[in-house]
Structure formats: C-alpha cells, structure tokens
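Numbering (the working numbering), first residue to last: 115 to 474.
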Amino acid sequence: MDINKVITNVQQVNLDWLNSVLTQSGALLTGRINDFDIKLLDSDNAQIAKIKIDYENGATGKLPEFLLLKTCAGDSNFTNYSEVNYYTRDYISLADSPIPTCYHARYSDNPYMYHILMDDLSVTHRNNWRTKPTLNYGCTVARALAAIHAHWWGAEKLSTIGSIIPNQIAIERYVAHSQAGLLPMLGDIEAEIDILWKRALMDIFKYHPAKMIERTNNSSGFTLIHGDVNPGNILSPINSNGKTYLIDRQPFDWSLTTWLGVSDIAYMMVHWWETNLRRSFEIPILHEYHDNLISFGVTGYAWEQLIYNYKLAAVQSIYVATQWCVLDEQRQKMKWVWLPQLQKSMTAFFDLQCSDLWKE
Numbered sequence: 115m116d117i118n119k120v121i122t123n124v125q126q127v128n129l130d131w132l133n134s135v136l137t138q139s140g141a142l143l144t145g146r147i148n149d150f151d152i153k154l155l156d157s158d159n160a161q162i163a164k165i166k167i168d169y170e171n172g173a174t175g176k177l178p179e180f181l182l183l184k185t186c187a188g189d190s191n192f193t194n195y196s197e198v199n200y201y202t203r204d205y206i207s208l209a210d211s212p213i214p215t216c217y218h219a220r221y222s223d224n225p226y227m228y229h230i231l232m233d234d235l236s237v238t239h240r241n242n243w244r245t246k247p248t249l250n251y252g253c254t255v256a257r258a259l260a261a262i263h264a265h266w267w268g269a270e271k272l273s274t275i276g277s278i279i280p281n282q283i284a285i286e287r288y289v290a291h292s293q294a295g296l297l298p299m300l301g302d303i304e305a306e307i308d309i310l311w312k313r314a315l316m317d318i319f320k321y322h323p324a325k326m327i328e329r330t331n332n333s334s335g336f337t338l339i340h341g342d343v344n345p346g347n348i349l350s351p352i353n354s355n356g357k358t359y360l361i362d363r364q365p366f367d368w369s370l371t372t373w374l375g376v377s378d379i380a381y382m383m384v385h386w387w388e389t390n391l392r393r394s395f396e397i398p399i400l401h402e403y404h405d406n407l408i409s410f411g412v413t414g415y416a417w418e419q420l421i422y423n424y425k426l427a428a429v430q431s432i433y434v435a436t437q438w439c440v441l442d443e444q445r446q447k448m449k450w451v452w453l454p455q456l457q458k459s460m461t462a463f464f465d466l467q468c469s470d471l472w473k474e
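Here it is, written out as structure tokens:
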C-alpha cells in the first residue's frame, strides 16, 4: 500500500505499510515490526480499528504498541481535511498538547475520504459517557480547551492558516441548517412544552442569528474551536494521573470551525450536563478557562466579554437539538437524545437570561 494514498479499508493495512509510516514518522528508528493484530470497533461516523504492534528484538524508537486507525469515506457532509489538520498541523507546535500523537494521515477531496493513524490511549484513558461531571473534571477540560484556543487566538494568528472569522453568509448557512428542524420539532412536542418555550424558540431563531453576526465585528474571543466537546470526545486518565485529551474534531460542512472559544465550554456543559451540575459549576469553570487563557498569553479579553460570549454561545445548544429534527426518521429515532438536550438548553436559556442579548 502506497503511504501517500488514503486507507479506505483495514484489509489494506500490512506490515510494509506499518513499517513505512512508523519509520517516516520517527516512531520506529531501527528494526522492524514482526507482526500486528487488528480489530474493528463499533463507530457511528467512521471505521475504527485497534492495532497491536509486535516489534522485533532490538528495535528502537518510541515504538507505540497500541494504535488506532480511523477511516472515513463516503459522507460528504463532513469536512475531511479538518480532522487531518487537527492531528497533523494545528497543534503540533503546541507544547504538552491535549491531542493524541498522530503517526500518519491522508485525505482526498474527490472522492471524499481520509484516514488517521494515532495512539490508542484505551489502556490509560477512558471516555466520559458514564462520568458524572465534577468541578475538577470541568476545570481540567477547561484548561485543555484554553490551551488549544490560545494557540490560535485572534484574527492575526488564524490568518496564517487561512482561517477567518465567519462572515454573515457562513453564519446564516449554519443557522439555516438548524432552523429547518424547528417547526418539525415543535410539531412533535407542542403538547409537551409550555407556550412560553414555543415563543422563546421562535424568538431565538428570529433574533439570535443577528447577534451572532454582530458579534463578529469585534475579533476578540475568536479562535479555532473543537465544536463537539461531548463526553465521548474527552479522554480522562483512568487512574486520575496524567493529562486529559480531546479527540475527534469532525465538523459538518455547514459547521462554524472558527468561532468564540468559550462556545466549546458551553457545548460541554449546557446540553450534556444535568442542570443542577451546570448551575453549580458553571462560573468556577468559566473562571478557570479565563484564567488559563491569560496564563497562555491571551490579552485584552475581559471577564465581562467572556460572560457575554458564553451566553451567546449557550443559545447555540438549542440549535444542536433542532439539528436532530431536520430529517423525519432521525427526529423520531433520536428523540431520546434531542429532547433532553432541548430541555437542558432551554433551562439554561432562561437561567442565563439570554433573551436580554437582543433586548438591550
């Protein structure tokens, strides 16, 4: 298998390919791989395989024993180069980056496909689908996010990799995708929600997008965002020692990939955490995030601006819920996901008095 080509099937992985890519990456300095074992895992948006490597005696280098191979092909709704850049470009110069080491990656636009070969951290780390969030957990993730956000903070840094603060067209496209699910969603749950919620939801799509567009007039607070800081994309050390990792930046083609950094904090808490936990930990976690941005060199970003940005971003969790309702089949099948997300997001909307954003 040519190392410059995209892997589309695990059957393409062989000893020659593994030896070549690990040698090229510098992980294998001398010697060779004797054998390997590969096992497919369940995954929704990609094909994931675990690879266990057996090196010959005397081999030198980092010699990673456990690897993950992620392959994506055929879904043009995802932006293929974003995740490849996430692992191979965007943070390779960031010291102590909270991103797993990547040993090889390739992508193709036509046809759409990419692969990523990276460290398998499952021996030392776990995802957080079954974790009850604590203040320490939230602050740890906030520090990791502050590190990657500070690395690309501001329009000047973003311009060096061809990224820009989104314009009106990009924001309207992002909102339009979610708005298509609003009326179908309301039709499905109208009898289950208070009339106040219905009015608020209609107002959100009427007024909030304009406030997002208006916010882009001030470049403070914008950076490359992760965009999907769900519990499964946060890897925490099993024994509480070691750093937290952030994985799987896999935006849709309509997603905002450059946006307010604090939106990743809002995404983590507002529609994933139980309301009582969000209410208890929200402000301390935001302080931790703000303090760490400053420690990583961000200047001129006032606490009051961060709170405004957080409220603006918290409303976007409502868009996450409505996105599930664009397609009839998905709306019905995934109601167990989007209805709790909507309930948590609307509660946050009223808690934070987000409607004041457009009543000022």
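Backbone N, C-alpha and C fix where the C-beta goes; we use that ideal spot for every residue, glycine too.
Per the coordinates, the alpha-carbon of Glu-304 lies some 30 angstroms from the alpha-carbon of Ala-284.
Annotated three-state conformation of Met-232 is strand, per DSSP. Put simply, of Ala-294, Tyr-226, Val-343 and Leu-154 the residue whose alpha carbon is nearest the alpha carbon of Ala-187 is Tyr-226. Residue range 282-293 is occupied by the alpha helix (DSSP H) that includes His-291.
Met-232 counts as buried, since at least 16 other C-beta atoms from the protein chains shown sit within 10 angstroms of its C-beta.
Across the structure, Leu-259 and Ser-394 are spaced so that their CA atoms are roughly 20 angstroms apart. Glu-270 and Pro-323 have their C-alpha atoms spaced approximately 25 angstroms apart. Fully contained in the segment 141-214 are the following beta strand (DSSP E) runs of length 3 or more, in chain order: 147-155, 161-169 and 180-187. Lys-320 counts as exposed, since fewer than 16 other beta carbons sit within 10 angstroms of its beta carbon. Annotation note: the segment 402-447 contains the following uninterrupted alpha helix (DSSP H) runs of length 4 or greater, listed N- to C-terminal: 417-428, 430-437 and 442-447. Asp-342 is not a Cβ neighbour of Asp-317, given a cutoff of 8 angstroms. Beta-carbon to beta-carbon, Met-448 and Trp-311 are separated by about 20 angstroms, too far to satisfy the 8 angstroms threshold.
By the C-beta criterion, the segment 402-413 is judged to be in contact with the segment 248-266, since at least 3 inter-stretch pairs fall below 8 angstroms. Pairing Arg-329 with Leu-181 gives a Cβ-Cβ distance that is not under 8 angstroms.
Under the rule that a run must span 4 or more residues, the alpha helix (DSSP H) segments found entirely inside the segment 294-373 read 296-303 and 309-329.
In the DSSP assignment, Ser-277 falls outside any alpha helix (DSSP H), carrying neither H nor E.
Between Ile-165 and the set Asn-171, Gln-138, Ala-209 and Tyr-217, the nearest pair of CA atoms involves Tyr-217.
Taking 8 angstroms as the cut-off, the beta carbon of Arg-220 is found no closer than this to the beta carbon of Ser-350. DSSP places Tyr-217 within a strand segment (E or B) once states are collapsed to three. Inter-segment contact for the segment 161-179 and the segment 136-151 is present: three or more beta-carbon pairs are separated by less than 8 angstroms. DSSP places Arg-240 in the strand class (E or B) of the three-state scheme. DSSP places Leu-136 inside the alpha helix (DSSP H), whose first and last residues are 129-139. Within the same chain, Tyr-169, Glu-170, Gly-172, Ala-173 and Thr-174 come within 7 angstroms of Gly-145 by CB-CB distance, once the 5 residues on both sides are set aside. Each residue's CA atom was taken as its position, placing Trp-368 and Glu-197 some 15 angstroms apart.
Bridge pairing for Ser-222: Met-227 [DSSP]. Residue burial annotation: Arg-392 is buried, with at least 16 other C-beta atoms found within 10 angstroms of its C-beta.
A distance below 8 angstroms separates the beta carbons of Thr-372 and Leu-272. Note on Asp-204: 16 or more other CB atoms within 10 angstroms of its CB, so buried under the neighbour-count rule. With fewer than 16 other Cβ atoms inside 10 Å of its own Cβ, Asn-123 counts as exposed.
Looking at Asn-199, Thr-436 and Asn-353, the one whose alpha-carbon comes closest to that of Ala-290 is Thr-436.
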